[in-house]
Amino acid sequence: MRKVVTHDGSITFHSNEYDETYHSVSGAVEEAYKKFAEPALEFVKGKEEVSILDVGFGLGYNSAAVMDKILEESLWCKIYIIGLEKDKKILDKIKELKPMIKTYHIIQDLVERGKVNDGYEYDREGVKIKLLVADALQAVKTLGTKFDIILHDPFSPKKNPELWTESFFKELRKHIKDNGMLTTYSCAGEIRRNLKKAGFEVSDGPRVGRRAPSTIARPK
Numbered sequence: 061m062r063k064v065v066t067h068d069g070s071i072t073f074h075s076n077e078y079d080e081t082y083h084s085v086s087g088a089v090e091e092a093y094k095k096f097a098e099p100a101l102e103f104v105k106g107k108e109e110v111s112i113l114d115v116g117f118g119l120g121y122n123s124a125a126v127m128d129k130i131l132e133e134s135l136w137c138k139i140y141i142i143g144l145e146k147d148k149k150i151l152d153k154i155k156e157l158k159p160m161i162k163t164y165h166i167i168q169d170l171v172e173r174g175k176v177n178d179g180y181e182y183d184r185e186g187v188k189i190k191l192l193v194a195d196a197l198q199a200v201k202t203l204g205t206k207f208d209i210i211l212h213d214p215f216s217p218k219k220n221p222e223l224w225t226e227s228f229f230k231e232l233r234k235h236i237k238d239n240g241m242l243t244t245y246s247c248a249g250e251i252r253r254n255l256k257k258a259g260f261e262v263s264d265g266p267r268v269g270r271r272a273p274s275t276i277a278r279p280k
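Number 197 in the numbering used here belongs to position 137 of the sequence shown; there are no gaps in the numbering.
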């Protein structure tokens, strides 16, 4: 696993298994804020609690960026996150990092002090996180919760195709609230068709470091 400095100065890593970086080289932290955190803000206003499923937790940038934005908007909002990540080696890198994300210390506390049998847990000051070290394809079937927000951030459809299929999106559809939102970085035609067949409506999300937009999907 090789360290990569992205264009905004933040760190990501190159996966030997998938032969891809965990984040866009145009800016790992920028991508987390623009493509995942900012679209999620609409769920904060007036809410006392927000639930999030983070598929492809990786270094935890997306979850931390979302926490930042939520707490900027509503300091008293309770946050509940379930993260899915099968590669423990990337989780071991978290303690080495100092990204420009205010709440990243929570992610570091999670993996440094929160070890449990099937992953990691954190529960303090209105933030509750459960990180499962497991294959998302199987782990999502065991979840008994419906979420306000799903952050879908696996490796690319070419390298990690099993997490971009109609059948996997149907599993995610079962675990999203009727007024919820899924956000993902890919806008490929096949991916959007799979989302639609799985019961989502799709629209363009933000553009970061590339011409094409990301995708926002909502339950039909």
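The beta carbon of each residue, even a glycine, is placed where N, CA and C say it ideally should be. Fair warning: this is a prediction, and the values are worked out from it, not measured in the lab.
Between the CA atoms of L135 and T163 - distance to the nearest angstrom
A direct Cα-Cα distance of roughly 12 Å separates T163 from L135.
Judging by CA-CA distance, which residue of Y78, N122, E77 and D114 is the nearest neighbour of A88?
Among Y78, N122, E77 and D114, the Cα nearest to that of A88 is on N122.
Distance between K149 and T244 (C-alpha atoms, nearest Å):
Taking the straight line from one Cα to the other gives about 23 Å.
The alpha helix (DSSP H) enclosing A199, as first and last residue numbers
Segment A196 to A199, the alpha helix (DSSP H) holding A199.
For W224, which residues from the same chain have a beta carbon less than 6 Å from its beta carbon, with the 5 sequence-adjacent residues on both sides left out?
P217 and I251, listed in sequence order.
What's the call for G116, buried or exposed, on a 16-neighbour Cβ count within 10 Å?
By the neighbour-count criterion, in which a residue is buried when 16 or more other Cβ atoms sit within 10 angstroms of its Cβ, G116 is buried.
Bridge partners of R62, per DSSP?
BP columns for R62 point to H74.
Can you look up S227 in the DSSP assignment and give me helix, strand or coil?
If DSSP states are grouped into helix, strand and coil, S227 belongs with the helices.
On the DSSP bridge list, what partners appear for R184?
V187.
Per DSSP, what kind of secondary structure is I161 in: helix, strand or coil?
Under the three-state reduction of DSSP, I161 is assigned to coil, being neither helix nor strand.
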